[in-house]
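Inspection log for the structure reproduced underneath, given as structure tokens.
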Amino acid sequence: MYQALYRKYRSRTFDEVVGQDQVINSIKYQVKNSTVSHAYIFSGTRGTGKTSTAKILARAVNCEHPIDGNPCNECETCKSILRGTNLDVVEMDAASNNGVDDIRDLREKAFYPPSTSKYKVYIIDEVHMLSKGAFNALLKILEEPPKHLIFILATTEIERVPQTILSRTQRYTFKRISIDTISKNISEILAKEGKTIDEAGIDLIAQMADGSMRDAVSLLDRVVAINDNNISYDKIIEVLGVTTEDTLFELATSILNSDASSIIMSVANLADDGKDMMVLIDGIVSFFRNILIAKNLSDPRKIIRVRDMDRYVAIANAFSNSEILNIIKILSETKARSRYITNKRTMLEAALLEIVASKQDDILNRVENLERMLSSGDLSGLKAPKREKFEFNFAKKENPVAVEKPLAKEVVSEIIDNKVSNETKENVEKEIENDIPKDIPEVPVDDHSDMSAIEKSQEDAAETDINAVETEETMETKADIDYSDNELQGIFNRAISILKERSERIISGMLVMGRLDSFENNVATIAFEEQGRSFYTTLNNHESIEKIESVLKELTNDNISVKFVVKSNSNVDSIKDRIENLFGKDSIK
Numbered sequence: 015m016y017q018a019l020y021r022k023y024r025s026r027t028f029d030e031v032v033g034q035d036q037v038i039n040s041i042k043y044q045v046k047n048s049t050v051s052h053a054y055i056f057s058g059t060r061g062t063g064k065t066s067t068a069k070i071l072a073r074a075v076n077c078e079h080p081i082d083g084n085p086c087n088e089c090e091t092c093k094s095i096l097r098g099t100n101l102d103v104v105e106m107d108a109a110s111n112n113g114v115d116d117i118r119d120l121r122e123k124a125f126y127p128p129s130t131s132k133y134k135v136y137i138i139d140e141v142h143m144l145s146k147g148a149f150n151a152l153l154k155i156l157e158e159p160p161k162h163l164i165f166i167l168a169t170t171e172i173e174r175v176p177q178t179i180l181s182r183t184q185r186y187t188f189k190r191i192s193i194d195t196i197s198k199n200i201s202e203i204l205a206k207e208g209k210t211i212d213e214a215g216i217d218l219i220a221q222m223a224d225g226s227m228r229d230a231v232s233l234l235d236r237v238v239a240i241n242d243n244n245i246s247y248d249k250i251i252e253v254l255g256v257t258t259e260d261t262l263f264e265l266a267t268s269i270l271n272s273d274a275s276s277i278i279m280s281v282a283n284l285a286d287d288g289k290d291m292m293v294l295i296d297g298i299v300s301f302f303r304n305i306l307i308a309k310n311l312s313d314p315r316k317i318i319r320v321r322d323m324d325r326y327v328a329i330a331n332a333f334s335n336s337e338i339l340n341i342i343k344i345l346s347e348t349k350a351r352s353r354y355i356t357n358k359r360t361m362l363e364a365a366l367l368e369i370v371a372s373k374q375d376d377i378l379n380r381v382e383n384l385e386r387m388l389s390s391g392d393l394s395g396l397k398a399p400k401r402e403k404f405e406f407n408f409a410k411k412e413n414p415v416a417v418e419k420p421l422a423k424e425v426v427s428e429i430i431d432n433k434v435s436n437e438t439k440e441n442v443e444k445e446i447e448n449d450i451p452k453d454i455p456e457v458p459v460d461d462h463s464d465m466s467a468i469e470k471s472q473e474d475a476a477e478t479d480i481n482a483v484e485t486e487e488t489m490e491t492k493a494d495i496d497y498s499d500n501e502l503q504g505i506f507n508r509a510i511s512i513l514k515e516r517s518e519r520i521i522s523g524m525l526v527m528g529r530l531d532s533f534e535n536n537v538a539t540i541a542f543e544e545q546g547r548s549f550y551t552t553l554n555n556h557e558s559i560e561k562i563e564s565v566l567k568e569l570t571n572d573n574i575s576v577k578f579v580v581k582s583n584s585n586v587d588s589i590k591d592r593i594e595n596l597f598g599k600d601s602i603k
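Residue numbering for the sequence shown follows the numbering used here, beginning at 15 and increasing consecutively.
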């Protein structure tokens, strides 16, 4: 009869227990020095070696020829315990024997001395399942145990065990086993079985085991059942029914681009392939957890094991931490609700579409709030920054740039592109005092700073708009002439306003966060800072570009093409950095 691998390779000595050195060394020392306690409690997640260690301890204390604290497994006592025929070593499952009568019966038998062994050992698994009355019955014998009796309790939920029991036992915590340790043990088992698996496949099994060695060996048993000597990574994916990384990256890209149709098709394809929706949710959550780690750690390889780390880092840079956390939260809540719902596929589709909707709403809300506060000059909604010193450090430029007022983007551009003259320097302090709300503390102002270009740009806004939006006849005569910076900025601003009026709020809102970088050969290049890469990714598609170019043609009667780029300009700080410099980082939420 075939024997499962987790039974075949179960630890038989303390030295064979992997990943629990801190526990094993202590117990071995007690066995070697005959200082074994009358009661132990082993706690930890499933598959970490609690029951195996309990059985080894039961043999070690009764072994006729112990070897350095380990049972010999050759004497008659060890063999009888291994066969399960020794009457002095009793295993009891508290999940099915949890009544007070069961413990009373155990207590009566426990007082009798052992028949053939040195000690009578009771191993009670899942002890937290005992009833309150059963715990009280067990407490009496733990308080006054006979010399020949040893209790070994095991539990996965130590918090459910009464404190009165814990205080009368030696407690050992079995930790989750690391991926490296599990991978090494799997490789050793494969060598003994004469099988080979791709290294990526071994790592996948170790990750799916989630810190449980027994789960890892059980998964390995399913894989080696293929009866191939060389098992590929793709074959393991197929056998275990997990979602491929390529599929998860496609799904993440669809979420990033707010592409609802692609998301629905991805779920449909996975459902057609027979994927379990609950397993799929777990896979997506784990995937975004890896993205979160790749985004926030300089060396994510210390935490996660993936095939292509560069790919994870690349997509992590396109998401913000808040977006990733929101995705994990929504999917986790969906999994919890799906336990009681038959149509889990619909729940998953709804959750993914909710993620897309929340992403769009978040962008719109942020843009609208920024527009409203900056364009109106009402900053009362912002908290005063908690700083001892607050300085304006805008760099000077040669000529002022006139910018329209209506949108937040233009107001921020006025701040960024500010250029001042010497004759307005003496009015700076008064202007700053008028611009800052009364509830924000007084701030020292650098003598070299100047904000007068903002007022000048507001006075010239009407003139800019006239220059930018010309009549059809004027534009025709100007088809082969380059636009000035003022004209281009005015056209760009008017295009954003028109898109917003036509309910293209996503496009207009994201354009606000970009800047007109250059205009050459009738190609307008709109640049986003690195932290605005998600805006670039969302806008950089044929449909969005076509809508923007259509509005530009209406305004100029020219065929102006639009190009999006992500770049960092050392001379111009990002919008976010400028706002943080003005109002304080803690104020920008």
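All C-beta atoms, glycine included, are put in the ideal place defined by N, C-alpha and C.
- prompt: Between which two residues does the alpha helix (DSSP H) harbouring aspartate 260 extend?
  reply: That run of the alpha helix (DSSP H) goes 259-270.
- prompt: Considering only residues of the same chain and omitting the five flanking positions on each side of isoleucine 317, which have a CB-CB separation below 8 Å?
  reply: Within its own chain, the residues whose Cβ lies closer than 8 Å to the Cβ of isoleucine 317, once the five positions on either side in sequence are excluded, are Ile307 and Leu311, listed in chain order.
task: Would you tell me roughly how many angstroms separate the C-alpha atoms of valine 605 and asparagine 47, rounded to the nearest one?
output: In the structure displayed, the chain extends from 15 to 603; residue 605 sits before or after that span and is not available.
query: Hey, how far is the Cα of isoleucine 521 from the Cα of lysine 561?
result: Distance from the CA atom of isoleucine 521 to the CA atom of lysine 561, rounded to whole angstroms, is 9 Å.
query: In terms of residues, what are the limits of the beta strand (DSSP E) holding glycine 58?
result: Secondary structure note for glycine 58: its beta strand (DSSP E) is the uninterrupted segment 53-58.
field: Extent of the continuous beta strand (DSSP E) to which glutamine 184 belongs
entry: For glutamine 184, the enclosing beta strand (DSSP E) covers residues 184-188.
field: Reduced DSSP category for asparagine 571 - H, G, I as helix; E, B as strand; rest coil
entry: Look at asparagine 571 here: in three-state DSSP terms it is coil, with no helix or strand label.
- request: Quickly, what does DSSP pair threonine 169 with across the bridge? List them, please.
  value: DSSP, once it has assigned bridges, lists Ser57 as partnering threonine 169.
- prompt: Alpha carbon to alpha carbon, what distance is there between valine 579 and leucine 569?
  reply: Taking the straight line from one Cα to the other gives about 23 Å.
query: DSSP puts isoleucine 105 in a beta bridge; with which residues?
result: The residue you asked about is not isoleucine; residue 105 is glutamate in the sequence shown. In DSSP, glutamate 105 forms a bridge with Ile137.
Chain-order list of residues whose beta-carbon lies under 6 Å from that of phenylalanine 533 (same chain, five-residue window excluded): Excluding positions up to five away in sequence, the list reads Leu502.
message: Does valine 231 pass the burial test, meaning 16 or more other C-beta atoms within 10 Å, or should it be called exposed?
response: Result: buried.
message: Output needed for isoleucine 269: all residues of its chain with C-beta closer than 8 Å, excluding positions within five of it in sequence on either side, in chain order.
response: Once the five neighbours on either side are set aside, the close Cβ partners of isoleucine 269 are Ile277, Ile341, Leu366, Ile369, Val370 and Lys373.
message: Counting C-beta neighbours from all protein chains within 10 Å, is the total for isoleucine 355 16 or more, i.e. buried, or is it exposed?
response: Per the 10 Å Cβ criterion, exposed.
message: Using the Cβ count rule (16 or more neighbours within 10 Å means buried), how would you classify serine 57?
response: Burial state of serine 57 is buried, judged by a 10 Å Cβ sphere holding 16 or more other Cβ atoms.
- prompt: Given alanine 274, which residues of its chain have a CB within under 7 Å of its CB, disregarding the five upstream and five downstream residues?
  reply: Excluding its 5 nearest sequence neighbours in each direction, alanine 274 has C-beta neighbours in its own chain below 7 Å: Leu367 and Val370, listed in chain order.
query: Applying the criterion that 16 or more other CB atoms from any shown protein chain within 10 Å of the CB defines a buried residue, is aspartate 260 buried or exposed?
result: A residue is called buried when at least 16 other Cβ atoms come within 10 angstroms of its Cβ; aspartate 260 does not meet this threshold and is exposed.
message: Quick check: what's the CA-CA separation for valine 6 versus threonine 267?
response: The requested residue 6 does not occur in the structure, where the chain is confined to residues 15 to 603.
field: Local Cβ density within 10 Å of leucine 144, reported as buried at 16 or more and exposed below that
entry: Flag for leucine 144 reads buried.
task: Assign leucine 71 to one of three DSSP states: helix, strand, or coil.
output: Three-state DSSP puts leucine 71 in a helix.
- prompt: Exposed or buried, what is asparagine 100 when buried is set at 16 or more other beta-carbons lying within 10 Å of its beta-carbon?
  reply: Counting C-beta atoms within 10 angstroms of its own C-beta, asparagine 100 has 16 or more neighbours from the protein chains shown and is therefore classed as buried.
task: To the nearest angstrom, report how far apart valine 576 and threonine 552 are at their CA atoms.
output: Cα to Cα, the separation comes out at about 14 Å.
message: Rounded to the nearest angstrom, what separates glutamate 213 and aspartate 313 at their Cα positions?
response: Whole-angstrom Cα-Cα distance: 20 Å.
message: Between which residues of its own chain and arginine 21 is the CB-CB distance below 6 Å, once the five residues before and five after are set aside?
response: Cβ within range, chain order: n/a, list empty.
message: Measuring straight from C-alpha to C-alpha, what distance separates glutamate 563 and leucine 294?
response: C-alpha of glutamate 563 to C-alpha of leucine 294: approximately 40 Å in a straight line.
query: With a Cβ-Cβ cutoff of 9 Å, do leucine 218 and tyrosine 247 count as a contact?
result: With a cutoff of 9 Å on beta-carbon distance, leucine 218 and tyrosine 247 are scored as near each other.
message: Bridge partners for alanine 538 per DSSP, in chain order?
response: According to DSSP, alanine 538 bridges with Phe533 and Val576.
message: Our contact map puts phenylalanine 165 next to tyrosine 186 with C-beta atoms below 8 Å; I'd like the distance itself, whole angstroms only.
response: Beta-carbon to beta-carbon, phenylalanine 165 and tyrosine 186 are separated by about 13 Å, too far to satisfy the 8 Å threshold.
task: Verify whether the separation of the beta carbon atoms of glycine 63 and phenylalanine 188 is less than 9 Å.
output: With a cutoff of 9 Å on beta-carbon distance, glycine 63 and phenylalanine 188 are scored as near each other.
query: Given a threshold of 16 other Cβ atoms within 10 Å of its Cβ, counted over all protein chains shown, does proline 85 qualify as buried or as exposed?
result: By the neighbour-count rule (16 or more Cβ atoms within 10 Å), proline 85 is buried.
query: Roughly how many angstroms lie between the CA atoms of serine 94 and alanine 330, to the nearest whole one?
result: Taking the straight line from one Cα to the other gives about 56 Å.
message: Do isoleucine 193 and alanine 220 count as a contact pair if the criterion is CB distance below 9 Å?
response: Going by C-beta atoms, alanine 220 is nearer than 9 Å to isoleucine 193.
query: What is the DSSP secondary structure of threonine 210, counted as helix, strand or coil?
result: Strand.
task: Provide the residue(s) that pair with lysine 163 in DSSP beta bridges, ordered along the chain.
output: Going by the sequence as given, residue 163 is leucine instead of lysine. Assignment of beta-bridge partners to leucine 163 by DSSP yields Lys134.
- request: Check whether the Cβ atoms of leucine 156 and alanine 53 lie closer than 9 Å to each other.
  value: With contacts defined as CB atoms closer than 9 Å, leucine 156 and alanine 53 qualify as a contacting pair.
task: Helix, strand or coil for asparagine 554, going by three-state DSSP, please let me know.
output: Coil.
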